[in-house]
Ligand code: UDP
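Residue numbers (the working numbering): 252 to 585.
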């Protein structure tokens, strides 16, 4: 039985935290600099749980705490948010990961890093297996995130090889679900928020680029299995259900019965043209595969965003440029 685990996460919105129950005694720490990327309201239901404690801590600063497991999830993952402060983004993945690895080494904790499909860059291999090394621009607008996570992976295996730290690395593909920030700026929240308000659905580029979408509960299940399994190589966690962005826009428009127009905007720099996980390794090594269909997941997300709109009134979606995470009315009240 794991006595105590710690989760570093700043995008509170993405993970509904069943992990907290699974591990009996949990101390959650959140990095402060980007705290507004998520919402305290998302963890309101945990705050009075006897096994839960919340500490605000910047992962780029060292921390002294006794734990058995560390989930190092810290880092904004939405392009407009991680590009808003690229220096802090890279510090989170470099200094933050070194701090967590130092902690893991000192207290002999097992550490899981949430890496990303972005380490594959604009992939020339499709779908992407863990053995693919990637195609990343080292100096483009996405590099603070992509290269930060790539070197974070390197640090994980260096500490494993040199210091026997037990490591786990999840490469997370596009994930969505309730509790996402409505101004997250990524495609799922943007399209739903736009469609529900009959605003233009904004496609960056011609919409032929592809993404594959997984529902948040599948991801949490995968992270938990990976942490508690024996396999210590990188593992893709994603749903291979692939859509062009153009088809995805029409799909959301239909599901929401929206009168929105679909509008093409300029393509974002270095936007990957295709992305789909090869999840054979996850099936083989940790007996994991997604269970929730994109359609069922979208129904939940649409219901959630409708309730946010009902409470907060009009929401202007975040555009393609670098943007500071916004607070929304209902979050400030939390
Ligand atoms: N995208 C879009 N309109 C939006 C938001 C995103 O067309 O309002 C596109 C974006 O250019 C990319 C894809 O949707 O091709 C997925 O973008 P997202 O920001 O969700 O995540 P990414 O996978 O690029 O990190």
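Glycine included, C-beta positions come from ideal geometry on N, C-alpha and C. As the structure is a computational prediction, the values presented were derived from the model and not from experiment.
N-terminal and C-terminal residue of the alpha helix (DSSP H) that residue 468 is part of: Run containing residue 468: 467-479, per the alpha helix (DSSP H) assignment.
From 540, 328, 386, residue whose alpha carbon lies closest to that of residue 465: Looking only at 540, 328, 386, the smallest Cα-Cα distance to residue 465 is reached by 540.
Neighbourhood of residue 340 by C-beta distance below 7 Å, restricted to the same chain and skipping five residues each side: Counting only Cβ-Cβ distances below 7 Å, and skipping sequence neighbours, we find 326, 327, 333, 395, 396, 399.
Cβ contact (3+ pairs, closer than 8 Å) linking the region 345-355 and the region 454-471: Contact fails: fewer than three Cβ-Cβ distances are below 8 Å.
Residues that DSSP places opposite residue 376 in a beta bridge: Listed as beta-bridge partners of residue 376 by DSSP are no residues whatsoever.
Contact under 7 Å by Cβ, residue 443 with residue 556: Yes, the pair counts as a contact, with Cβ atoms nearer than the cut-off.
Cβ neighbours of residue 513 in the same chain (closer than 6 Å, five flanking residues each side left out): These residues qualify, in order along the chain: 452, 500.
heavy atom of the ligand UDP below 6 Å from residue 519 C-beta: True, at least one ligand heavy atom lies under 6 Å from that Cβ.
Beta-carbon proximity of residue 518 to residue 455, cut-off 7 Å: Yes. Within cutoff.
Under the three-state DSSP convention, the category residue 332 falls into: DSSP places residue 332 within a helical segment (H, G or I) once states are collapsed to three.
Span separating the alpha-carbon of residue 357 from that of residue 317: So the two alpha carbons sit approximately 9 Å from each other.
Beta-carbon spacing of residue 411, residue 418 below 7 Å: Yes.
Stretch-stretch touch, CB-based, cutoff 8 Å, three pairs: the region 371-384 with the region 425-445: These segments do not touch.
Neighbourhood of residue 521 by C-beta, 7 Å cutoff - its chain only, sequence neighbours within 5 removed: Around residue 521: 373, 388, 391, 392, 393.
Residues that residue 300 bridges to, as DSSP identifies them: Within the DSSP secondary-structure output, residue 300 pairs in no beta bridge.
Same chain only: Cβ atoms within 7 Å of residue 378, ignoring 5 sequence neighbours per side: Short of 7 Å from the beta carbon of residue 378, and not among the five residues preceding or following it, lie these beta carbons of its own chain, in chain order: 491, 527, 528, 529.
Straight-line Cα distance separating residue 319 from residue 461: Computed Cα separation, rounded: 39 Å.
Below-7 Å beta-carbon distance, residue 356 vs any chain B residue: Absent from the structure: chain B. Only one protein chain is present.
Residue 461 - partner residues in DSSP beta bridges: Residue 461 pairs with 495.
Residue 416: first and last residue of the uninterrupted alpha helix (DSSP H) it sits in: Premise fails: residue 416 is in no alpha helix (DSSP H) and is neither H nor E.
Heavy atom of the ligand UDP within 6 Å of residue 453 beta-carbon: It does: the Cβ of residue 453 is within 6 Å (strictly closer) of some heavy atom of the ligand UDP.
Cβ separation of residue 322 and residue 363, assumed to be a contact under 8 Å, to the nearest whole Å: Going by Cβ atoms, the distance from residue 322 to residue 363 rounds to 5 Å, so yes, they are a contact pair.
heavy atom of the ligand UDP below 6 Å from residue 401 C-beta: Not so, every heavy atom of the ligand UDP lies at least 6 Å from the Cβ.
Assigned secondary structure, residue 487 (DSSP; H/G/I helix, E/B strand, else coil): Residue 487: strand per DSSP, three-state reduction.
Three-state secondary structure assigned by DSSP to residue 560: DSSP places residue 560 in helix when its eight states are reduced to three.
Residue span of the alpha helix (DSSP H) that contains residue 351, given as start and end: In the DSSP assignment, residue 351 falls within the alpha helix (DSSP H) that extends over 337-358.
Which of helix, strand or coil DSSP assigns to residue 514: Here residue 514 sits in strand by DSSP.
Residue 313, buried or exposed, once every other Cβ within 10 Å from all chains shown has been counted against 16: With a 10 Å radius around the Cβ and a threshold of 16 neighbouring Cβ atoms, residue 313 comes out exposed.
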